[in-house]
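All the letters of the sequence shown, read from the start, carry residue numbers -20 to -1, 1 to 434 under mature numbering (1 follows the signal peptide of the UniProt record, and there is no 0). Reviewing the structure listed below.
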Amino acid sequence: MYSSSPLLAAFCVFAVGCTASSSSSIPTSPRNVNDLSRWANQHGVVMHASLQWKQQKTEGDDDDTNDDNIGLELKESVEPGTVLLKIPRSIVFDARRIRNELEKESPEKVQKALEKLGQSGFDQHAEGFFIFVKVLRCCQEGESSLWSPYIQSLPRNFVEFSSAEKSCLTYYAKYIADFQEEKFEAFCDAAVGSGLVGGSSAMSSESEQARFAFCAVSSRFWKTSSSEERTAAIMKGTPPSPETDNATSELVPVGDMFNHREPPNVAITHEGDYVNFVYKGNNVGAADDQKDETKDLYITYGQPSNPHRFLGIFGFVPVGDMPNLWSHLVYVDNPFTDDVEKMVFRTSDGGIPKQVWDAVLYALLEPKHPPNEPPEFTEQQHAKYRTYTADILQGHINKQLQELAALRDRIKMVEALGTSGNIGLIRQHNEFLTDVFEKASKQILIAGELDEQQ
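Quick look at the structure:
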C-alpha cells in the first residue's frame, strides 16, 4: 500500500534556518522543507505508508538545532522487495535530459561550455556540469521555478576547507578538496563564458548562490544504470564495462534524503517513468540472531572504502559505516589492484585479505602471465616470501602513520588559532585512519607468526 500523506506531512516539523562558518549558503533564504510535501504530492511522488522522516545527528555534533542531516526510517517493518519511494522522472534532474533541453535552447552555447570544460580538464564531468547549470538556474529563478520548493528544502551548510584546514588533511583528502575547488571554478567559467547562465558579475566563482548549487549537486547526485545490479556496480566504483557505460547522472528530489551506510538496505532501481527506492532488508543472508533490526534506511553513496571522498565531498566521516578501508596501496600494471574494493583493510580488526597479499607478492616477483589472467598464488608461496612481502606492507603502513602523526601536530597548531570550524571533523577522519592502519600493522605480525607455526 502506498500513501503520500503520512511522510509528506511530516516535512512540516523540519523548518529551521541555519547559518555556519566554513559553509556555503543562499544568504537570503533559510532552509524550508514545509512546502516540499505539497510540491511532491502535486508532482506524483509516491511514498510507502511506513516511511517517516528522522533527524539524524552525526557523531560529535551537539547542535540540536542543526537540521542539515534529515534521513528516512521505517515506522513499522516491511518485507524485502517493498518499493518505498517512487519518484517521477519528470522532476528528476537527469543530466542527459538537461543537456538535450539546453541544446534545443542553444546548441552553440552547449558546445562552447563543453569546449571550456575540456580546456580546464573537466570534460569528464560534463554530466555533473549540466545538473549544476539546471540547479543554478532554478536558484536564480526563485519562486517562479518549478523546483523552487525542492531548492528551498536543501541543506544550507556544506563543508568547505580553509587553507589552514587543508594543511591538516591527508594527501588524498587534500587532493579531493583542491579538486572540488578547481572543478567549481571550471563549472562557473563554463557556465558564464558560454552564456548558459547569465550575469557575469552575479555568477562569479565568489557567488554564494553558485557555491550553494555546486555543493548541493556534488553531494547529492549519483550515477545509475538501467538495472539494480549495474547501478550497484557503479556505486562501488567498479571499472567501466559495456554494461555500465550507459550510466547517467541524476539528482533525485526526495530520494536524495536517504543517508549513507555500507552495506545499504535500500537499492535504486528504474521502472519506466519512475526512479524507485526498494527495501532490501538488513544483513541479507545473516542468521536471525545476527540481523540488524534498525529501522533507519540507507543507500550507498559509492566508493564505500574511500573515507577521503566522504570527507571532501559529503562532509562527514562514516566511522561506523565503513566495514573496509582502502589500503592506500597503488601499483601500476598490477592485476590484483584493479578492483579497489578488494584492496582494503578490515576496519574492525585490521584484517588483510588475500587480494592485498597477492598484489604485494605480484609486485615483488613480477611474474609473466597472459593478459587478464593473474597468477594463482598459493599459501605456500605466500609463506615462502612472507618476510619480504611483510616488510613491504609494513613499510607502506608506517609511511601512512608517519603522515598522520605529523598532521596531529599540525591540527593542534590550527586548533590553537581558534578560527577553524572543521578541525574536529578532520581530527575524526585522521584518527579513524590511524586506528585502522595500526590494526593492520598488528595483523602483519600475526600473519608471520602463523607462517612459523605451519
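Yeah, the Cβ is synthetic: ideal placement off N, Cα and C, and Gly gets one too. Since we're looking at a predicted model, the values are computed, not measured.
On the CB-based measure, 16 or more other CB atoms within 10 Å of its CB, does residue i come out buried or exposed?
{"i": "F349", "result": "One point to set straight first is that residue 349 is His, not Phe, in the sequence displayed. H349 should be labelled exposed."}
{"i": "N378", "result": "exposed"}
{"i": "E107", "result": "buried"}
{"i": "A385", "result": "exposed"}
{"i": "E429", "result": "exposed"}
{"i": "W145", "result": "Reading the sequence as shown, one finds Glu at residue 145 and not Trp. E145 is buried by the Cβ-count criterion."}
{"i": "L309", "result": "buried"}
{"i": "M393", "result": "exposed"}
{"i": "T(-2)", "result": "Because the pLDDT of T(-2) is 30, which lies under 50, any placement of that residue in the model is unreliable, and the number read from its coordinates should be weighed accordingly. Under this definition T(-2) is an exposed residue."}
{"i": "R76", "result": "exposed"}
{"i": "L425", "result": "exposed"}
{"i": "W33", "result": "buried"}
{"i": "K334", "result": "exposed"}
{"i": "S187", "result": "buried"}
{"i": "R11", "result": "buried"}
{"i": "T367", "result": "exposed"}
{"i": "A171", "result": "buried"}
{"i": "V416", "result": "buried"}
{"i": "G122", "result": "exposed"}
{"i": "P87", "result": "exposed"}
{"i": "T317", "result": "buried"}
{"i": "R312", "result": "For the record, residue 312 in the displayed sequence is Val; it is not Arg. Flag for V312 reads exposed."}
{"i": "D169", "result": "buried"}
{"i": "T224", "result": "Residue placement at T224 is flagged as unreliable, the pLDDT there being 49, under the threshold of 50; a coordinate-derived value is accordingly withheld."}
{"i": "D253", "result": "exposed"}
{"i": "G295", "result": "buried"}
{"i": "D389", "result": "exposed"}
{"i": "T327", "result": "buried"}
Contact defined as beta carbons within less than 8 Å: I believe residue i pairs with residue j. What is the distance between those atoms, to the nearest angstrom?
{"i": "I78", "j": "K114", "result": "5 Å"}
{"i": "V139", "j": "N402", "result": "6 Å"}
{"i": "H362", "j": "L381", "result": "That pair is no contact at about 24 Å."}
{"i": "I293", "j": "F238", "result": "16 Å between Cβ atoms; not a contact."}
{"i": "L387", "j": "Y365", "result": "33 Å between Cβ atoms; not a contact."}
{"i": "I111", "j": "F201", "result": "6 Å"}
{"i": "Q189", "j": "L97", "result": "The Cβ separation is near 20 Å, so there is no contact."}
{"i": "G173", "j": "K92", "result": "7 Å"}
{"i": "P298", "j": "H409", "result": "The Cβ separation is near 10 Å, so there is no contact."}
{"i": "P284", "j": "E242", "result": "4 Å"}
{"i": "V255", "j": "L277", "result": "No, V255 and L277 are not in contact; Cβ-Cβ is about 15 Å, not under 8 Å."}
{"i": "S142", "j": "S400", "result": "7 Å"}
{"i": "residue 446", "j": "T150", "result": "Look at the range of the chain in this structure, -20 to 434, and you will see that residue 446 is not part of it."}
Considering only C-alpha positions, which residue in the set the options is nearest to residue i?
{"i": "D329", "options": "Y342, L345, D318, N304", "result": "N304"}
{"i": "Y281", "options": "N262, M302, R407, L82", "result": "M302"}
{"i": "residue 436", "options": "Q35, A339, S307, G398", "result": "Outside the shown range of the chain (-20 to 434) lies residue 436, about which nothing can therefore be said."}
{"i": "K154", "options": "K84, M27, R289", "result": "R289"}
{"i": "I332", "options": "E95, N80, L373", "result": "L373"}
{"i": "A20", "options": "P87, E162, L126, Q35", "result": "L126"}
{"i": "K203", "options": "A196, T369, S229", "result": "S229"}
{"i": "R69", "options": "E432, H250, T367, S128", "result": "H250"}
{"i": "L54", "options": "E395, A29, D74", "result": "A29"}
{"i": "L31", "options": "H23, L52, A227", "result": "L52"}
{"i": "A370", "options": "F357, L82, V336, A196", "result": "V336"}
{"i": "F325", "options": "D74, H23, G175, Q423", "result": "Q423"}
{"i": "residue 468", "options": "I50, E81, C195, L405", "result": "Nothing about residue 468 can be reported from this structure: the residues present for the chain run from -20 to 434 only."}
{"i": "Q35", "options": "H240, L149, E162, I50", "result": "I50"}
{"i": "D15", "options": "G398, S128, V90", "result": "S128"}
Taking DSSP as the reference, what is the three-state secondary structure of residue i?
{"i": "C(-3)", "result": "The predicted position of C(-3) is uncertain, since its pLDDT is 33 and thus under 50; no value can be drawn from it."}
{"i": "N239", "result": "strand"}
{"i": "P60", "result": "coil"}
{"i": "D371", "result": "helix"}
{"i": "W33", "result": "strand"}
{"i": "I50", "result": "strand"}
{"i": "R11", "result": "coil"}
{"i": "I111", "result": "helix"}
{"i": "R79", "result": "helix"}
{"i": "R200", "result": "helix"}
{"i": "F417", "result": "helix"}
{"i": "I279", "result": "strand"}
{"i": "K66", "result": "strand"}
{"i": "L231", "result": "strand"}
{"i": "residue 496", "result": "Because the chain spans -20 through 434 in this model, residue 496 falls outside it and cannot be assessed."}
{"i": "W127", "result": "coil"}
{"i": "V258", "result": "strand"}
{"i": "I424", "result": "helix"}
{"i": "E251", "result": "strand"}
{"i": "M323", "result": "coil"}
{"i": "F294", "result": "helix"}
Sorry if obvious, but does the Cβ on residue i come closer than 7 Å to a heavy atom of the ligand MG?
{"i": "Y155", "result": "Of ligands this structure carries none, so the ligand MG is not represented either."}
Check whether the region 129 to 138 and the region 85 to 105 are in contact - that is, three or more C-beta pairs closer than 8 Å.
no
Does the count of Cβ pairs from the region 230 to 250 and the region 51 to 65 closer than 8 Å reach three?
yes
So, does the region 50 to 62 touch the region 250 to 259, judging by three or more C-beta pairs under 8 Å?
yes
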